[in-house]
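Sequence order for the protein chains is A and B.
Numbers in our numbering are just positions in the first sequence, counted from 1, shifted up by 1.
Numbers in our numbering are just positions in the second sequence, counted from 1, shifted up by 1.
The C-beta atom is built at its ideal place from N, Cα and C for all residues, glycine as well.
Report on the following structure.
Protein chains: 2
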Amino acid sequence: MKITYKGDYALKAVLDLALNYGSIVTIHELASRIQVPFKFLEQVLLDLKKGGFVESKRGKIGGYFLAKSPAEITIGEVIRFIDGPIEPIACVEKGYSGCTDLYKCVFRKIWVDVGRATSEIVDNITFEKLVNEVQASTEAVVYQI
Amino acid sequence: MKITYKGDYALKAVLDLALNYGSIVTIHELASRIQVPFKFLEQVLLDLKKGGFVESKRGKIGGYFLAKSPAEITIGEVIRFIDGPIEPIACVEKGYSGCTDLYKCVFRKIWVDVGRATSEIVDNITFEKLVNEVQASTEAVVYQI
DNA sequence: ATATACTCTACTATGTTAATAGAGATTATA
DNA sequence: TATAATCTCTATTAACATAGTAGAGTATAT
């Protein structure tokens with residue numbers, strides 16, 4: 002798994018929408034809050050829409066909002082959709098001719114293991130969990146003042 | 002972690018040298034056995050040499066051989082040296098300005114976890130282990146005949 | 001000497017990533 | 001209905017990484 006900027010931005014965008022679940026958020030607000038180039042974020046959001054993670058409303062008072070509750074979205078789903086398969090090497094998902102050689106691709110099963118271990122983590126973290134974490138940390142800051 | 006062809010070839014090369022531990026192997030033999038472009042493999046082997054994984058002997062009857070015993074080399078060491086850090090995103094090792102924002106980079110600790118889980122696997126697999134696996138599988142085939 | 005084999009540097013083609021640009025479509029509201 | 005705000009879609013580009021190729025140079029056994 003390699004997380005690109007696009008994937009990173011997508012996760013931050015979904016997190017922001019999760020933090021604002023119930024209201025509608027413009028790309029502009031989002032872009033300034035999560036510090037991402039506006040035009041790039043536009044594309045990321047269109048992708049997230051195609052993936053069924055977010056919905057949008059056009060026109061004045063338009064914007065984006067989550068298509069499901071934060072509890073129903075995991076970071077694994079998002080990162081897979083935006084950045085592709087979790088596995089560290091293509092041979093784990095595809096045919097990969099290299100596996101026909103003498104060594105019978107002894108490495109393949111290792112990459113499968115790595116993929117599983119990674120999935121174990123990212124598929125069990127929902128945005129609800131992350132929202133709670135963020136809120137707990139910001140509350141903690143408030144109490145310190 | 003993303004494993005490139007170079008990393009894949011490096012692992013196969015080390016495995017081949019491990020299977021032939023004790024003897025010296027030419028790039029040519031290696032290239033034909035592990036099915037890798039000769040000139041590309043040359044470079045990979047030079048890198049592996051810089052990394053201290055292999056040694057070489059020039060001239061006639063020259064070739065490559067492991068610098069340490071297969072038991073002393075893990076696939077984690079090799080892959081890190083050839084393909085860079087295990088972590089799925091740069092922010093885990095570097096500064097990464099994105100972490101200064103409101104959300105305090107809630108994702109960062111997840112990537113650290115993923116990196117740890119991956120390391121757990123790849124740092125505990127030595128080439129001795131792989132050699133045993135390969136030999137067991139080829140023996141099994143022999144018995145079947 | 002010479003053949004064999006490693007060493008080193010440079011080059012190139014291809015693809016991906018990150019970002020920018022701009023015209024178009026939709027909708028609330030004055 | 002005009003208009004401003006907002007999402008939608010396609011194209012383009014600069015920079016970088018990857019995968020592979022090329023060729024001249026150096027070392028060594030015989």
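The three-state secondary structure of G64(B), taken from DSSP, is strand. With a threshold of 8 Å between beta carbons, L18(A) makes no contact with chain B. Residues of the region 119 to 130 of chain B with a Cβ closer than 9 Å to any Cβ of chain A, in chain order: T119, E121, I122, V123, I126. Judged by pairs of C-beta atoms under 8 Å, the region 124 to 143 of chain A does not touch the region 63 to 80 of chain B, as fewer than three such pairs exist. Within the DSSP bridge table, the entry for E56(B) names F66(B) as partners. The Cβ atoms of K3(B) and P89(A) sit closer than 8 Å to each other. Per DSSP, the beta-bridge partners of T127(A) are T75(A). Just so you know, the alpha carbons of L49(B) and D9(B) end up roughly 12 Å apart.
Annotated as distal: I122(B) and V123(A), with beta-carbon spacing of 8 Å or more. At a cut-off of 8 Å between beta-carbon atoms, V135(B) makes contact with chain A. Residue contact check for P38(B) against chain A: no CB pair falls below 8 Å. Residue nearest to E30(B) within the set G23(B), I76(B), A14(B), D84(B) is A14(B) (criterion: CA-CA distance).
Spanning the alpha carbons of A19(A) and Y6(A) requires a straight line of approximately 20 Å. Around F108(B), the beta-carbon contacts reaching into chain A at under 7 Å are L12. Exclusion of the five residues before and after G64(B) leaves I25, V26, T27, I28, E30, S57, K58 as the residues of its chain whose Cβ lies within less than 8 Å of its Cβ.
As far as DSSP is concerned, V113(B) takes part in no beta bridge.
Nearest neighbour of F66(B) by Cα position, chosen from Y22(B), T139(B), A11(B), turns out to be Y22(B). By the neighbour-count criterion, in which 16 or more other beta carbons inside 10 Å mark a residue as buried, T139(B) falls on the exposed side.
With respect to L16(A), F128(A) sits close: the two C-beta atoms are nearer than 8 Å. For a cut-off of 8 Å, the C-beta gap from L12(A) to I80(A) is around 7 Å, short enough to register as a contact.
G60(B) counts as exposed, since fewer than 16 other beta carbons sit within 10 angstroms of its beta carbon. For I83(B), there are no neighbours in chain A by C-beta distance under 7 Å, as the nearest C-beta there is about 13 Å away.
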